[in-house]
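J.:
Residue numbers (this note's numbering): 0 to 226.
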């Protein structure tokens, strides 16, 4: 059965059969892997055609130009807003009367969920390297897409901080959030250092739990709670 799809880099009305859909998936996976290894600037359409064994004409047909393909890989592999909000649901369980242990557990659970999604993704083992590349080698279109997906989670983190300590200023809540984000980014760009610090060989689901608890403990003082 043919399915009508429309996206950036495609002419309106193009119909993809099952082979076209599989070709598109193959291109996206190959491109994401190369982008994670070489970055956006270091990867050309010809690199992708050689690695995927798909002709240059097919790449142009499906995506138009490299900028569109880059944005499509991010849209396809980076967690959706819905997934990100699902991951941080634990933050909604605690409030100003919650104990220190409960607050730390909520932060740790949310962090572990995100870190496992990125570092232990069985469907896209390259996702952590891909996300690390996004921090240093992005584009305006990709930045816009990431902002759209991440902003609701940033708001959730700010609300969490102000809920567990209503006396915080907005600037203090922002500082807490930035501390969380910076430590997450550190696990991406300094993998060897993090693994060495925790005496680990690789990021495993179990190891991620320890790292998440450490980040929670480090960030907790910025909530200025006397408990």
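Backbone N, C-alpha and C define an ideal beta-carbon position, used for all residues, glycine too.
Suppose the cutoff is 8 angstroms on Cβ atoms and the five residues either side in sequence are ignored; what does the same chain contact list for residue 166 look like?
T.: By one-based count along the chain shown, residue 166 stands at place 167. Excluding positions up to five away in sequence, the list reads 223.
J.: What is the C-beta distance between residue 248 and residue 51, in whole angstroms, given that I count them as a contact (C-beta under 8 angstroms)?
T.: Only positions 0 to 226 of the chain appear in this structure, which leaves residue 248 out of reach.
J.: Assuming residue 48 and residue 58 are in contact, meaning their beta carbons sit under 8 angstroms apart, how far apart are those beta carbons, in whole angstroms?
T.: On the chain shown, residue 48 is found 49 positions in, with the first residue counted as 1. On the chain shown, residue 58 is found 59 positions in, with the first residue counted as 1. Their Cβ separation, rounded to whole angstroms, is 6 angstroms, which keeps residue 48 and residue 58 in contact under 8 angstroms.
J.: Measure the alpha-carbon distance for residue 23 versus residue 61 and round it to whole angstroms.
T.: The count along the chain shown starts at 1 and reaches residue 23 at position 24. The count along the chain shown starts at 1 and reaches residue 61 at position 62. In a straight line, the C-alpha of residue 23 is about 7 angstroms away from that of residue 61.
J.: For residue 231, does the count of other Cβ atoms within 10 angstroms reach 16, so buried, or fall short, so exposed?
T.: Summary: the structure shown does not reach residue 231, with the chain confined to residues 0 through 226, and so no result is reported for it.
J.: Find the nearest neighbour of residue 72 within the set 138, 178, 111 and 85, judged by alpha-carbon distance.
T.: For this step, residue 72 is matched to residue 73 along the chain shown. Nearest of 138, 178, 111 and 85 to residue 72, Cα basis: 138.
J.: Who are the near neighbours of residue 159 in its chain, counting only those whose CB is closer than 6 angstroms to its CB and skipping five residues on each side?
T.: If you number the chain shown from 1, residue 159 lands on position 160. Excluding sequence neighbours, residue 159 sits near 90.
J.: Starting from the Cα of residue 108, find the closest Cα among 221, 225, 204 and 226 and give me that residue.
T.: For the purposes of this step, residue 108 is identified with residue 109 of the chain shown, where counting begins at 1. Residue 108 has its Cα closest to that of 204, out of 221, 225, 204 and 226.
J.: Check this for me: beta carbons of residue 199 and residue 206, under 7 angstroms apart or not?
T.: For the purposes of this step, residue 199 is identified with residue 200 of the chain shown, where counting begins at 1. For the purposes of this step, residue 206 is identified with residue 207 of the chain shown, where counting begins at 1. Yes. Within cutoff.
J.: Please state whether DSSP places residue 199 in a helix, a strand or coil.
T.: Here residue 199 refers to the residue found at position 200 when the chain shown is read from its first residue. In the structure shown, residue 199 sits in coil (DSSP, three-state: anything other than H, G, I, E or B).
J.: Looking at residue 99 and residue 226, is the spacing between their C-beta atoms short of 7 angstroms?
T.: Mapped onto the chain shown, residue 226 falls at position 227. Mapped onto the chain shown, residue 99 falls at position 100. In this structure, residue 99 lies closer than 7 angstroms to residue 226 by Cβ.
J.: Taking only three categories from DSSP, how would you classify residue 96?
T.: Start at 1 with the first residue of the chain shown, and residue 96 comes out as number 97. Three-state result, residue 96: coil.
J.: When the distance is taken between beta carbons, is residue 110 closer than 7 angstroms to residue 195?
T.: The count along the chain shown starts at 1 and reaches residue 195 at position 196. The count along the chain shown starts at 1 and reaches residue 110 at position 111. No, the pair does not count as a contact, with Cβ atoms beyond the cut-off.
J.: In chain order, what residues of the same chain have a beta carbon less than 8 angstroms from the beta carbon of residue 178, not counting five sequence neighbours either side?
T.: On the chain shown, position 179 is the one that residue 178 refers to. Contacts found: 217, 218 and 221.
J.: Exposed or buried, residue 147, counting other C-beta atoms within 10 Å across all chains shown (16 or more means buried)?
T.: The residue you call residue 147 lines up with position 148 of the chain shown. Answer is exposed; the Cβ neighbour count stays below 16.
J.: Do you know offhand how far residue 132's Cα is from residue 83's?
T.: Looking up residue 132 in the chain shown gives position 133. Looking up residue 83 in the chain shown gives position 84. Whole-angstrom Cα-Cα distance: 19 angstroms.
J.: State the DSSP-derived secondary structure class of residue 16, mapped to helix, strand or coil.
T.: Residue numbering aside, residue 16 sits at position 17 when the chain shown is read from its first letter. With a pLDDT of only 49 at residue 16, under 50, the local geometry of the prediction cannot be trusted, and the value read off the model is given with reservation. Here residue 16 sits in coil by DSSP.
J.: Jot down the residue ranges of each uninterrupted alpha helix (DSSP H) in the stretch 41-80, minimum 4 residues, whole runs only, in chain order.
T.: Those alpha helix (DSSP H) runs which fall completely within the stretch 41-80 and span 4+ residues are 44-51, 55-62 and 65-76.
J.: Can you tell me whether DSSP reads residue 25 as helix, strand or coil?
T.: For the purposes of this step, residue 25 is taken as the residue at position 26 of the chain shown. Three-state result, residue 25: helix.
J.: Distance, Cα to Cα, residue 70 vs residue 92?
T.: Counted from its first residue, the chain shown places residue 70 at position 71. Counted from its first residue, the chain shown places residue 92 at position 93. Straight-line Cα distance between these residues: approximately 35 angstroms.
J.: Do residue 187 and residue 119 count as a contact pair if the criterion is CB distance below 7 angstroms?
T.: Counted from its first residue, the chain shown places residue 119 at position 120. Counted from its first residue, the chain shown places residue 187 at position 188. It is not a contact, given that the beta carbons lie outside the stated cut-off.
J.: Reducing DSSP to helix, strand and coil, say where residue 130 ends up.
T.: Taking the first residue of the chain shown as position 1, residue 130 is located at position 131. Of the three classes helix, strand and coil, the one that applies to residue 130 here is helix, per DSSP.
J.: Which residues in the same chain as residue 153 place their Cβ atom closer than 7 angstroms to its Cβ, once the five residues preceding and following it in sequence are excluded?
T.: As a position in the chain shown, residue 153 is number 154, starting the count at 1. So the qualifying residues of the chain are 176.
J.: Excluding the 5 residues flanking residue 163 on each side, which residues of the same chain have their C-beta closer than 8 angstroms to its C-beta?
T.: Position 164 of the chain shown holds residue 163. Cβ within range, chain order: 93, 94, 95, 97, 102, 222 and 224.
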